[in-house]
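Protein chains in written order, with the numbering used here: chain A, 30 to 286; chain B, -10 to 350.
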C-alpha cells in the first residue's frame, strides 16, 4: 500500500490585536458593576443582565487568554455569546408579561442545578475526582431559598428553544448563519468532525479518503470578529436599558469589521 | 442611569440645604448641619462612580478654591463657557467639619456660620437655576490625595527658608514678621498674601494688611510667625490639593481667586515633566484669563440656558485651543497677552454671531 499524501487547509492564524478592545470592554463592565453596587445593589434585573454579560465576557477572556480563535473551542465560545445575547433580548421583550421574569430565570437555572445534584445523590455513587463540585453546587441551590421549594424544570426556559427565541427577538440571522453551525461543533456532529478533525489524502489509489488529524494541523477560520460583533451587541443591550457615557461606548464600536 | 443618579442627588441635596437654611438659627443647628455631612457620606459611592465614568478625561471643569460660586454676580456664565461638564466643588462639607472642630476663635466660628449660610443659599440657586448644567459635588470629600497634599505643602513651606526647619524649630526661631523675612531664602515678592495686593510694598506692610482683613482660626495671642505659617501654608495646601484632586479625577480646575491661581502656577513645577498636568494647567490658565476678561454686561439680558446652548453649539473651547495650537502657544512658550487676545477675539466672534442669530433666527 502506498503512502498517504496528506494535506490540510491553512487559514490565517495571525493573532488579532485584542488587548485594547478587551480593555475597553472591561472598563464598560466595571462601570456597570460600580453602578449596580453603588446605586442599585439589590436590582435583580440589572444583576441578571450583568451576570449574563459577565459570563459572555469570561468566555471571551478564555478565547483571548488561550488564543482559541482558530480552534473548536472558539466555536463553542461564539455560540455561548450568541445564546446569551438572544436570551437577554428575550427576557427584556417578555418582562412585562411575567410578574418577575428575572427571578424566574434565575430559579430556572438553579432548578437545573438541583436536578443534577439530586440525580447524583440518588445514585449513591462516589465521584471524588469529578470536576462537578456537587457539594458546592448543592449549597448554591439552597443559597436564597430552601431547595424543597425549588422546581426542577426539564423543558426550555419559557417553553421555547433557542431558535424560537431568536425569531421572537429578530435575531434569526444570528441563529441561521452562526449558531446552528457552531452547534455542530458543540455536539460533535459529523460536519464539525469532518471540518476540524480529519484531513484529506491526495493519493488517487486511496480514493481520496480522510485521515484523523492527530498532529492537530487543521485549524479553523478565526471567530474573533464575530465574537466582537456579538459582544458589542450584548453591550448595546445594556446601553439601551441602563445608558452608557458616550465616550465609553465609542471605545468598543471602533473594533467592529 | 448614572446621569439620573446625579440628578437625583442634586434634587435631594437641595431639600437637605433648604432644611438646613430654615433651621440653622435654631438650637439644633449642629444636627441640621450634620445632615449635610451624612447626606454626602450616604451617596459617596455613587459620587465616586460619577467622577470616574460620567465624562471623558479632562473634558469637565471644576469650580474650586472658592467659598461660593456666586450666581447673583453672574459668575456661572463665564464658568460654563468652556468644556462640556461643569462641577461646583462644594466646600460646605469641609466648613461643617471645621465648625465642629474649632473652638479656638469665636470670631472665626461666627464668620464660618455666616459663610455656611451664604454658601447654602448659593447652592440652592445653582440647583434651581443651573440644573442639568452645573452639578454640585463635594469633590475633595471623596479624593484620596489629602495626606499627600499636606506633606507636599509642609515641605514647600519650609523650603521658603534658608535653614532646614521643622515645626518645632520654626516656632522656636521665629516670632515676628521681621524674623520670618530675615529667614526667607526666596524674595519677599514671591510671598502672596491677598488678592490685588500691591506687590511693590514690603512684606511687613502686606502682612499687616493681611492680619487686619483676615479672620483666622487661631487664638488671639498667636504670633506673627504662626499667622504667617497658617496663611502661606493654607495657600500652598490648597494649591497642591487642587492639582492632585484635578489630576485624580481628570478635571480642569476653574480658579477665580487670583492668589489661589498664582500659588497653583508656582507649585506646578514640582510635578516635573508631566504631559497630562501641562495640558491641564494650560486649560486652567485659559479658564482663569477668560474669567477675568469676561464682560458680564454683555450677558445682562441673556437667559442662562440660552447662553449655555449657544456656547455649546458654537464650540468656544475648541476654537480657543485650536487658535492656541496654531500659534504654538503652550506652557513653555506662554504669552498671556496672546492668550488674552485669542480669548477676546473668540468671544467677540461668538457674541456677534449670537446676536445676529437672535435677530435673524
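All C-beta atoms, glycine included, are put in the ideal place defined by N, C-alpha and C.
Cα-Cα separation, residue i to residue j
i              : j              : result
residue 37(A)  : residue 272(A) : 47 angstroms
residue 137(A) : residue 152(A) : 23 angstroms
residue 67(B)  : residue 143(B) : 34 angstroms
residue 208(A) : residue 164(A) : 33 angstroms
residue 29(B)  : residue 69(B)  : 24 angstroms
residue 323(B) : residue 274(B) : 10 angstroms
residue 118(A) : residue 238(B) : 35 angstroms
residue 350(B) : residue 303(B) : 15 angstroms
residue 93(A)  : residue 43(A)  : 13 angstroms
residue 4(A)   : residue 113(A) : Only positions 30 to 286 of chain A appear in the structure, and residue 4(A) is not among them; the question remains open.
residue 116(B) : residue 167(A) : 52 angstroms
residue 108(A) : residue 90(A)  : 15 angstroms
residue 205(B) : residue 223(B) : 11 angstroms
residue 326(B) : residue 336(B) : 15 angstroms
residue 132(B) : residue 234(B) : 6 angstroms
residue 183(B) : residue 228(B) : 15 angstroms
residue 279(B) : residue 200(B) : 31 angstroms
residue 33(B)  : residue 111(A) : 37 angstroms
residue 328(B) : residue 283(B) : 14 angstroms
residue 127(B) : residue 79(B)  : 5 angstroms
residue 147(A) : residue 79(A)  : 29 angstroms
residue 186(A) : residue 279(A) : 34 angstroms
Host alpha helix (DSSP H) of residue i (start-end)
i              : result
residue 288(B) : Where residue 288(B) is concerned, there is no enclosing alpha helix (DSSP H), given that its DSSP letter is neither H nor E.
residue 67(B)  : 65 to 68
residue 33(A)  : From DSSP, residue 33(A) is part of no alpha helix (DSSP H); its letter is neither H nor E.
residue 52(B)  : Looking at the DSSP string, residue 52(B) is not in any alpha helix (DSSP H); the run it does join, the beta strand (DSSP E), is 49 to 53.
residue 125(B) : From DSSP, residue 125(B) is part of no alpha helix (DSSP H) but of the beta strand (DSSP E) over 123 to 126.
residue 181(B) : Neither: residue 181(B) is in no alpha helix (DSSP H) and is coded neither H nor E.
residue 105(A) : 101 to 122
residue 52(A)  : 48 to 68
residue 158(B) : 156 to 162
residue 236(A) : No alpha helix (DSSP H) holds residue 236(A); DSSP gives it neither H nor E.
residue 150(B) : Note, residue 150(B): premise wrong, no alpha helix (DSSP H); not H, not E.
residue 268(A) : 253 to 271
residue 247(A) : Segment: none, residue 247(A) is in no alpha helix (DSSP H) and carries neither H nor E.
residue 6(B)   : -9 to 12
residue 119(B) : 95 to 119
residue 249(B) : 247 to 256
residue 73(A)  : 73 to 94
Cβ shell of residue i (< 6 angstroms), same chain only, five flanking positions each side left out
i              : result
residue 44(B)  : 74
residue 285(B) : 63
residue 166(B) : 193, 196, 213
Same chain, Cβ closer than 7 angstroms to residue i, five either side skipped, listed in chain order
i              : result
residue 130(A) : 120, 123, 124
residue 288(B) : 63, 66, 296
residue 132(A) : 73
residue 17(A)  : Because residue 17(A) is not part of the residues shown, which for chain A are 30 to 286, the question remains open.
residue 135(A) : 77
residue 82(B)  : 25, 26, 29, 127, 130
residue 343(B) : 299
Range of the contiguous beta strand (DSSP E) that encloses residue i
i              : result
residue 239(A) : 239 to 241
residue 78(B)  : 74 to 78
residue 275(A) : Unbroken run through residue 275(A) is the alpha helix (DSSP H), 275 to 282; no beta strand (DSSP E).
residue 229(A) : 227 to 230
residue 226(B) : No beta strand (DSSP E) holds residue 226(B); the alpha helix (DSSP H) holding it covers 213 to 238.
Expected contact under 8 angstroms - CB spacing of residue i and residue j to nearest Å
i              : j              : result
residue 261(A) : residue 282(A) : 6 angstroms
residue 38(B)  : residue 64(A)  : 6 angstroms
residue 293(B) : residue 119(B) : 7 angstroms
residue 124(B) : residue 76(B)  : 5 angstroms
residue 107(B) : residue 57(B)  : 6 angstroms
residue 82(A)  : residue 97(A)  : With 8 angstroms as the limit, residue 82(A) and residue 97(A) do not qualify as a contact, their Cβ atoms being about 20 angstroms apart.
residue 104(A) : residue 211(A) : 5 angstroms
residue 246(B) : residue 50(B)  : With a Cβ gap of about 15 angstroms, residue 246(B) and residue 50(B) do not count as contacting.
8 angstroms CB neighbourhood of residue i in its chain, flanking five on each side removed
i              : result
residue 242(A) : 37, 225, 226, 227, 228
residue 47(B)  : 239, 240, 241, 265, 268, 269, 272
residue 54(A)  : 86, 89, 260, 264, 281
residue 355(B) : Here chain B has residues from -10 to 350 only, and residue 355(B) is not among them.
residue 45(A)  : 98, 251, 253, 254
residue 140(A) : 179, 180, 181, 182
residue 142(A) : 166, 169, 170
Checklist entry - In chain order, what residues of the segment 34 to 46 of chain B put their CB closer than 8 angstroms to some CB of chain A? => result 34, 35, 37, 38, 41, 42, 43, 44, 45
Checklist entry - According to a CB-to-CB cut-off of less than 7 angstroms, which residues of the segment 183 to 197 of chain B neighbour chain A? => result none
Item to check | Contacting positions in the segment 260 to 282 of chain A - beta carbon closer than 8 angstroms to chain B | outcome: 271, 272, 274, 276, 277
Checklist entry - Listed in chain order, which residues of the segment 143 to 167 of chain A have Cβ atoms closer than 9 angstroms to some Cβ of chain B? => result none
Checklist entry - In the segment 47 to 63 of chain A, which residues sit with their C-beta less than 7 angstroms from some C-beta in chain B, listed in chain order? => result 60, 63
Checklist entry - Which residues, in chain order, does the segment 68 to 83 of chain A contribute to contact with chain B at a C-beta distance below 7 angstroms? => result 68
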